[in-house]
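**Q** In the working numbering, the protein residues as written are 454 to 855.
Structural data, given as structure tokens:
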């Protein structure tokens, strides 16, 4: 838990301000900003399959340490990057670092928490979101100097984390016995899990929406307050962090007491879809004034935080359940590879649509489109839950031929 707080502290010192830096001082177009952020996420979530497989075979600690070391180098490269190719390389490095340690962290937690996975992942998300809350505030103070100073400080944080984890983090392996199957056999076993794959594909929409706190909202903040963009972006992440830290356990308890995990996922997805309604109603300051536009973007951030808090523990638990506690890190790897492809496509489309909608004088179009994506994702989750595919035993029966 503490380890994850440190990872997010260093990461979110930098990432909330990356889009503004790329579009501002570096002068990249909106589609290029979307590409950079998409490459970062694809190199992380798209390469989770590698990190997850290695974690199941080598143990969780080596992958966590290696990931933090690589992210140190990636953030260090951002200090000197001045062209799109260099920024893409740095972004790919920081993303692949996450692919190394994220599956290991989640599999480590799932193994230790046993039958209390939902509660454990809820507490995990509190530490996760606390890092998101503290990171942008530290980053905002450093941005008073410049972005390169912020990037250098983030690299130092990950260097210290690497050293601390190397000496303090207990070793934890997926199993006591060595693997007797090949990597390809493991991948085939995961790929044959039809219910798991359907769930992963359905959750692409969830990740596309939740990621807009890093892409669409910061870009929109630059339009609303070009002279105070960093302050507004920090406010967005403060709102998100406070809600997640203060409300995560209560949200999880309410949902778990009233609904099944599948229904809880669908409800959380509907909240994510509704998050873009304020921006669709107030897309520019010209409509109801600057104050109303700022309130709309903060309301969107708040609803995204509530929806993400509702989804996360049940999402993580469902991945482990559908894996039937076998090759858990590899399942996480496949899961995030699938959603990583979706995020890459979604970011490119979002960046291009934002520019097109702005040029066409219809800025609300992007927010309406994101809301529709959320509605379709909620519908897909409803179908999977009703058909029993989000429950392992029922999913196995549904997959059997007649």
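Built from N, CA and C at the ideal position, the CB exists for glycine as well.
Considering Cα atoms alone, identify which of 790, 469, 802 is closest to residue 551.
**A** Here the closest residue by C-alpha is 790.
**Q** I'd like to know whether the C-beta atoms of residue 877 and residue 751 end up nearer to each other than 7 angstroms.
**A** Outside the shown range of the chain, which is 454 to 855, sits residue 877, and nothing can be said about it.
**Q** Among 486, 480, 575, 522, which has the Cα closest to the Cα of residue 764?
**A** It is 575.
**Q** Per DSSP, what kind of secondary structure is residue 712 in: helix, strand or coil?
**A** In the structure shown, residue 712 sits in coil (DSSP, three-state: anything other than H, G, I, E or B).
**Q** Taking 7 angstroms as the cut-off, decide whether the C-beta atoms of residue 932 and residue 505 are in contact.
**A** In the structure as shown, the chain begins at 454 and stops at 855. Residue 932 is therefore absent and cannot be evaluated.
**Q** Can you tell me the Cβ-Cβ gap for residue 591 and residue 466, rounded? I've got them flagged as a contact below 8 angstroms.
**A** Yes, residue 591 and residue 466 are in contact; Cβ-Cβ is about 5 angstroms, under 8 angstroms.
**Q** Quick check on residue 634: buried or exposed, where buried means 16 or more other Cβ atoms within 10 Å of its Cβ?
**A** So residue 634 counts as exposed.
**Q** Taking the continuous alpha helix (DSSP H) assigned at residue 529, which residues delimit it?
**A** That run of the alpha helix (DSSP H) goes 513 to 533.
**Q** Quick one: grab the DSSP three-state call for residue 570.
**A** Looking at residue 570 - three-state DSSP - the assignment turns out to be helix.
**Q** Quick check on DSSP: helix, strand or coil for residue 770?
**A** Correct three-state label for residue 770: helix.
**Q** For residue 836, count neighbouring Cβ atoms within 10 angstroms of its own Cβ and tell me buried if that reaches 16, exposed if not.
**A** Burial call: exposed.
**Q** What span of residues does the alpha helix (DSSP H) with residue 786 cover, start to end?
**A** Note, residue 786: alpha helix (DSSP H), 781 to 812.
**Q** Near residue 457, which residues of its chain fall below 8 angstroms by C-beta distance, leaving aside the five closest residues on each side in sequence?
**A** Excluding residues within five positions, the ones whose Cβ falls inside 8 angstroms are 558, 577, 580, 581, 584.
**Q** Identify which residue in 688, 660, 554 has its Cα closest to the Cα of residue 594.
**A** Residue 688 is the option with its Cα nearest to residue 594.
**Q** Assess contact between the segment 513 to 522 and the segment 743 to 761, defined as three or more Cβ pairs (one per stretch) separated by less than 8 angstroms. Is contact present?
**A** These segments do not touch.
**Q** Helix, strand or coil, according to DSSP, for residue 664 in the structure here?
**A** If DSSP states are grouped into helix, strand and coil, residue 664 belongs with the helices.
**Q** Measure from the alpha carbon of residue 476 to the alpha carbon of each residue in 802, 795, 671, 823, then state which is nearest.
**A** Among 802, 795, 671, 823, the Cα nearest to that of residue 476 belongs to 671.
**Q** Applying the 10 Å Cβ sphere with the 16-neighbour rule, what's the burial state of residue 853?
**A** Because the pLDDT at residue 853 is just 49, under 50, the model does not fix this residue reliably, and the value given afterwards should be weighed accordingly. When all chains shown are included, residue 853 counts as exposed.
**Q** Which same chain residues, not among the five before or five after residue 766, have their C-beta less than 7 angstroms away from its C-beta?
**A** If we look at residue 766 and ignore the five residues flanking it on each side, its Cβ neighbours are 571, 574, 575, 578, 705.
**Q** My output table needs one value for residue 650: the three-state DSSP class, helix, strand or coil.
**A** Looking at residue 650 - three-state DSSP - the assignment turns out to be helix.
**Q** Quick check: residue 547 and residue 612, are their CB atoms within less than 7 angstroms of each other?
**A** In this structure, residue 612 does not lie closer than 7 angstroms to residue 547 by Cβ.
**Q** Can you tell me whether DSSP reads residue 729 as helix, strand or coil?
**A** Residue state, collapsed to three classes: coil.
**Q** Might you give, ordered along the chain, the residues of its own chain that have their beta carbon closer than 6 angstroms to the beta carbon of residue 540, omitting 5 neighbours on each side?
**A** Result list for residue 540: 489, 534, in chain order.
**Q** Take every Cβ of the segment 732 to 743, pair it with every Cβ of the segment 616 to 623, and state whether three or more of those distances are shorter than 8 angstroms.
**A** The segment 732 to 743, when compared against the segment 616 to 623, does not touch it at the 8 angstroms Cβ threshold.
**Q** Can you give me the start and stop residues for the alpha helix (DSSP H) that residue 671 sits inside?
**A** Run containing residue 671: 669 to 677, per the alpha helix (DSSP H) assignment.
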